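Participant: Residue numbers for the sequence shown follow numbering that gives the first Met the number 0, beginning at 0 and rising by one. Ideal Cβ positions, reconstructed from N, Cα and C, are used throughout, including at glycine. Quick caveat: nothing in here was measured; it's all calculated off a predicted structure.
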Amino acid sequence: MHAATLPATSNCVTIPNVATQGLAIEPHNKPMTSTWKSSSQRELTVKKLSGKRAAPQFFKDARAGIGYIWSTKIVRVIGLGFFAVVAFSGVDDVAMVFLAKDELGAGDSGAAVLYAGVGIGLVVGYALLTRVAGMVRMLPLLVVGFAVTSAGNLLTGLAWAVWAALALQTIRGLGIAALDVAINTHLQRVVPASMLGRVFGNLYGAIGLAAGISYVFGGLLLQHTDARVTFIAAGAGGLLAAGATGVALARR
Numbered sequence: 000m001h002a003a004t005l006p007a008t009s010n011c012v013t014i015p016n017v018a019t020q021g022l023a024i025e026p027h028n029k030p031m032t033s034t035w036k037s038s039s040q041r042e043l044t045v046k047k048l049s050g051k052r053a054a055p056q057f058f059k060d061a062r063a064g065i066g067y068i069w070s071t072k073i074v075r076v077i078g079l080g081f082f083a084v085v086a087f088s089g090v091d092d093v094a095m096v097f098l099a100k101d102e103l104g105a106g107d108s109g110a111a112v113l114y115a116g117v118g119i120g121l122v123v124g125y126a127l128l129t130r131v132a133g134m135v136r137m138l139p140l141l142v143v144g145f146a147v148t149s150a151g152n153l154l155t156g157l158a159w160a161v162w163a164a165l166a167l168q169t170i171r172g173l174g175i176a177a178l179d180v181a182i183n184t185h186l187q188r189v190v191p192a193s194m195l196g197r198v199f200g201n202l203y204g205a206i207g208l209a210a211g212i213s214y215v216f217g218g219l220l221l222q223h224t225d226a227r228v229t230f231i232a233a234g235a236g237g238l239l240a241a242g243a244t245g246v247a248l249a250r251r
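1) Taking the alpha helix (DSSP H) that Arg258 belongs to, which residues open and close that run?
2) Please report the straight-line C-alpha distance between Phe230 and Ala146, rounded to a whole angstrom.
3) Going along the chain, which residues of its own chain have a beta-carbon closer than 8 Å to the beta-carbon of Glu102, five neighbours each way excluded?
4) When you compare only the Cα positions, how much space is there between Gly200 and Gly106?
5) Drop a sphere of 10 angstroms on the beta-carbon of Val131, count the other beta-carbons inside from all chains shown, and report buried for 16 or more, exposed for fewer.
6) Could you please give the first and the last residue of the uninterrupted alpha helix (DSSP H) stretch that includes Met95?
7) Starting from Asp107 and walking both ways along the alpha helix (DSSP H), at which residues does that stretch end?
8) Taking the C-alpha atoms as reference points, what is the distance between Leu5 and Gln56?
9) According to the neighbour-count rule (16 or more other Cβ atoms, all chains shown, within 10 Å of its Cβ), is Lys36 buried or exposed?
10) So what's Arg62 in DSSP terms, helix, strand or just coil?
11) Using DSSP with H/G/I as helix, E/B as strand and the rest coil, what is Val84?
12) Under DSSP, the alpha helix (DSSP H) around Arg193 begins and ends at which residues?
13) Under 6 Å Cβ to Cβ from Leu138, same chain only, skipping five residues before and after it: list those, please.
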């Protein structure tokens, strides 16, 4: 076996051919390397430019969503009502364990059972609404949901036994299912598709803020009174918010 080579050049590679003779190939590494580098540089430049534009676009979208919510009366009323109900009612997550242990004399298992009550109500509520949602008007359902979940908290503060508190929290779960379905369904019907993401993002961001406010001020109330007073105050405030929302929606 012998190898035949082309005239000597720089970077020349000789590949032997078993059948006949070798082939000499001159690789073109430099042009390929240059192409790869320039392509990578362009990609990095695009990424840097995209990063610079991402933050302004985010704030622009958030501002547009807030502007739409505030300028559209029915969406504004729904948002404010939802915010108020959560600001009053959110503390029940904190107060529940104190109600179970300090007021009702239950242990850890009893507290866990009370927390499960809302989940039971949610499952039952969603199951029922899948059957009748097409026959129910969403705005009245929303107000009913606000009222039921708030009344559930108020009456839970008066409960005399774990099983009674469990039943009331299950009813509260039904109310949460009702308001959740009503809000999400109605907003998707009235908000333009191009604004839906911005409206929902701002709305549920505000609801998270409302829950935080409830934890802070409700926690202070719980510290200076007891779980029963906290539940009754949360429920009463939520009922006032539900009533105000109903009146505002009726006047729209």
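Facilitator: Checking against the coordinates, here is how it stands:
1) The structure shown does not extend to residue 258, since the chain is modelled only from 0 through 251, so no value can be given for it.
2) For the purposes of this step, residue 230 is taken as residue 231 along the sequence shown, with counting starting at 1. For the purposes of this step, residue 146 is taken as residue 147 along the sequence shown, with counting starting at 1. Phe230 and Ala146 have their C-alpha atoms spaced approximately 14 Å apart.
3) As a position in the sequence shown, residue 102 is number 103, starting the count at 1. Shown here for Glu102: same chain residues with a beta carbon closer than 8 Å to its own, the five before and five after excluded, namely Asp225, Ala226 and Arg227 in chain order.
4) The residue you call residue 200 lines up with position 201 of the sequence shown. The residue you call residue 106 lines up with position 107 of the sequence shown. In this structure, the straight-line span from the alpha carbon of Gly200 to that of Gly106 is close to 39 Å.
5) Along the sequence shown, one-based indexing puts residue 131 at 132. Result: exposed.
6) Taking the sequence shown and counting its residues from 1, the one referred to as residue 95 is at position 96. Residues Asp91 to Phe97.
7) Residue numbering aside, residue 107 sits at position 108 when the sequence shown is read from its first letter. Segment Asp107 to Val131, the alpha helix (DSSP H) holding Asp107.
8) The sequence position of residue 5 within the sequence shown is 6, counting from 1. The sequence position of residue 56 within the sequence shown is 57, counting from 1. Bear in mind that a pLDDT of 43 at Leu5, under 50, signals an unreliable position, so the number given afterwards is only what the model happens to contain. One C-alpha to the other measures close to 60 Å.
9) One-based indexing of the sequence shown puts residue 36 at position 37. Below a pLDDT of 50, predicted positions are generally treated as unreliable, and Lys36, at 46, falls in that range; no measurement from the model is reported.
10) As a working note, residue 62 is residue 63 in the sequence shown. It is helical.
11) Looking up residue 84 in the sequence shown gives position 85. Val84 falls in the helix class under three-state DSSP.
12) As a first step, residue 193 must be located in the sequence shown, where it is residue number 194. The residue asked about is misnamed: residue 193 is Ser in this sequence, not Arg. Boundaries cannot be given for Ser193, as no alpha helix (DSSP H) includes it and DSSP labels it neither H nor E.
13) Locating residue 138 in the sequence shown gives position 139, counting from the first residue. The beta carbon of Leu138 sits closer than 6 Å to those of Leu248, all from its chain and outside the five residues before and after it, given in chain order.
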